[in-house]
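What follows is a short report on a single structure.
Numbering (my numbering), first residue to last: 2 to 85.
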């Protein structure tokens, strides 16, 4: 049906495709998922913002200012007292 040369090339092509498939699956298994990369980036930005706020508050305390930290429960109680 097929001659020797065609059979050789067809077998080589199938083997090449199999190797590429296995290699790609291995490559993908070694990569970090996109959501994990984004989550790490977000955590780093949140930490940097938190450090910046703390440094600003420390600077205000050093200058003698009273640092007020907003808390929703305290704000709700103050608002309720003002309304009465």
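Just so it is clear, CB atoms sit at the ideal spot from N, CA and C, and this is done for glycine as well.
Pairing residue 49 with residue 65, the inter-Cα distance amounts to about 25 Å. Distance from the CA atom of residue 23 to the CA atom of residue 29, rounded to whole angstroms, is 10 Å.
Here residue 22 carries a helix assignment [DSSP, helix/strand/coil]. Rounded to whole angstroms, the separation of the alpha carbons of residue 36 and residue 27 is 19 Å.
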